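Comments concern the structure below.
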Amino acid sequence: MSAHVSRQVLADWLNDVLQPERFRDYCPNGLQVQGRDEIRRIVTGVTASQALIEAAVAQDADAILVHHGWFWKNEDPCIRGTKHRRLTALMARELNLFAYHLPLDAHLEWGNNAQLARVMDWVPDRRADGAPRRCGPDDLVWLGAPARDLTVGALAADVARRLGREPLVIGDPARPVRRLAWCTGAAQGMLDAALAAGADCYVSGEISEPTVHLARETGAAYLSAGHHATERYGVQALGAAVEARFGVPCTFVDIDNPV
Ligand SMILES: [Zn+2]
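Dropping the structure here:
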């Protein structure tokens with residue numbers, strides 16, 4: 001008999017390891033849409049888009065596990081249009097939808113920030129107790145340095161090579177990177193926290209018009225490395241952990257997104 005896990009056991013285990021109650025988030029974390037009781041195959045992805053649901057159906061999955069789920073604060077709660085199509089596709093097949101937003105950015109081992117450091121070969125600063133040094137709201141911004149000395153330009157080339165996407169660079173490419181801070185996704189609002197913690201180079205997924213000026217005026221370098229590109233790794237690490245724990249295959253499906 002192939003490995004399987006019940007929806008309830010998986011939901012409890014995910015909540016145990018990711019501790020969503022510790023975060024003030026913009027969406028519900030955990031089981032967002034209930035599907036069938038037994039789970040034998042899981043598809044993971046960055047965002048619960050229609051394309052990801054279709055990929056999960058094609059793979060005969062029983063659950064989808066994502067970083068960006070549904071039911072965001074301030075969105076129209078009515079089930080119409082794209083939302084109706086997504087929900088119908090999911091529920092017609094009794095697919096479970098699990099989503100973890102901030103808890104999956106922040107997790108010390110499988111989180112997007114921890115995993116981006118692994119993929120990029122960045123060394124987090126450590127506190128006296130060994131935990132990575134972080135700052136900002138919910139401790140989401142990580143602090144550290146590249147494993148070898150790099151200029152801003154060389155760091156950008158490294159990001160392009162390892163993430164497969166050219167970052168947008170604000171600042172002097174010839175300047176050396178001394179203290180690096182990073183936060184995946186739409187984390188442009190945390191530039192101040194990163195600078196206050198001593199960073200002279202900040203990497204996040206997105207950038208906004210005002211952030212460009214802030215970065216220029218402080219002299220810090222800013223690399224906007226892609227929301228999707230920086231957030232592909234947490235859910236893959238979590239999927240590997242689920243697979244190791246329950247023996248249920250988790251397949252990551254990358255739905256390309258240039259932002
Ligand atoms: Zn995100």
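Position 215 of the sequence shown, counted from 1, bears residue number 215 in the working numbering, the numbering being contiguous throughout.
Every residue, glycine too, gets a C-beta built ideally from N, C-alpha and C.
Because the structure is a prediction, the values reported are computed rather than measured.
Check, Outcome
"Quick check on DSSP: helix, strand or coil for residue 109?", "coil"
"Can you give, in chain order, each stretch of the beta strand (DSSP E) that sits fully within the segment 38 to 117 and has at least 3 residues?", "42 to 47, 63 to 68, 96 to 99"
"Put residue 180 into one of helix, strand or coil per three-state DSSP.", "strand"
"On the CB-based measure, 16 or more other CB atoms within 10 Å of its CB, does residue 120 come out buried or exposed?", "buried"
"What's the gap between the Cα of residue 95 and the Cα of residue 15?", "19 Å"
"For residue 60 and residue 166, I'd like the C-alpha separation in whole angstroms.", "34 Å"
"Give the range of the beta strand (DSSP E) segment to which residue 30 is assigned.", "30 to 33"
"Counting along the chain, where does the alpha helix (DSSP H) carrying residue 10 start and finish?", "7 to 18"
"Do residue 62 and residue 79 have their C-beta atoms within less than 8 Å of each other?", "no"
"Counting along the chain, where does the beta strand (DSSP E) carrying residue 252 start and finish?", "250 to 252"
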